[in-house]
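Enquirer:
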Amino acid sequence: MSSKIMIIDDNPVIVELLQRKLGREGYEVLGCVESEHALERCLEKKPDLVILDILMPGMSGWEVMKELKSNEGTASIPIIISTVKNRPEDMNRGRDLEAADYIAKPYVFSDLLDMVDRILTAGGDQPE
Numbered sequence: 001m002s003s004k005i006m007i008i009d010d011n012p013v014i015v016e017l018l019q020r021k022l023g024r025e026g027y028e029v030l031g032c033v034e035s036e037h038a039l040e041r042c043l044e045k046k047p048d049l050v051i052l053d054i055l056m057p058g059m060s061g062w063e064v065m066k067e068l069k070s071n072e073g074t075a076s077i078p079i080i081i082s083t084v085k086n087r088p089e090d091m092n093r094g095r096d097l098e099a100a101d102y103i104a105k106p107y108v109f110s111d112l113l114d115m116v117d118r119i120l121t122a123g124g125d126q127p128e
């Protein structure tokens with residue numbers, strides 16, 4: 001069974017692009033463009049990994065991450081922060097909230113793919 005990845009980003013173009021590219025790599029990729037529904041979607045779909053944008057309208061990515069990490073059903077899901085915010089204090093905040101990794105936009109897809117593969121392989125999940 002292939003690993004399931006949830007993309008949480010308010011930009012539908014980014015969600016669609018990552019769904020296509022990660023899907024070609026053998027992953028099952030789900031998208032969520034409304035941060036307010038992220039916890040509900042993750043509880044329902046049970047992803048193996050979340051790629052989370054920080055700057056979103058409504059609920060920020062930091063708030064989404066706190067919700068995911070404080071819920072028993074989602075606390076163990078690794079999260080990659082994907083954001084234009086790449087100041088040291090932002091990276092430290094991500095570490096404090098137990099992010100699995102942090103990638104600054106814009107990024108090269110192969111760098112994100114390396115992160116995804118490394119994190120899922122460490123957790124025992126690999127694409128088929």
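First residue of the sequence shown: 1, per UniProt numbering; consecutive thereafter.
No residue lacks a Cβ here, since even glycine has one placed at the ideal position from N, Cα and C.
Is the beta carbon of L120 less than 8 Å from the beta carbon of S35?
Expert: Taking 8 Å as the Cβ cut-off, L120 and S35 do not qualify as a contacting pair.
Enquirer: Under 7 Å Cβ to Cβ from K69, same chain only, skipping five residues before and after it: list those, please.
Expert: Contacts found: A75, L97 and E98.
Enquirer: Identify every residue that forms a DSSP beta bridge with A104.
Expert: In the DSSP output, where bridge partners are listed per residue, A104 has T83.
Enquirer: For G61, count the other beta carbons within 10 Å of its own beta carbon; 16 or more makes it buried, fewer makes it exposed. Which is it?
Expert: The residue in question, G61, is buried, as its Cβ has 16 or more Cβ neighbours within 10 Å.
Enquirer: Which residue marks the beginning of the alpha helix (DSSP H) containing E67, and which one marks its end?
Expert: Note, E67: alpha helix (DSSP H), G61 to S70.
Enquirer: Return the chain-ordered list of same chain residues with a C-beta closer than 7 Å to the C-beta of E67, the five sequence neighbours on each side being excluded.
Expert: For E67, where only same-chain residues beyond five positions count, the Cβ hits under 7 Å are L39.
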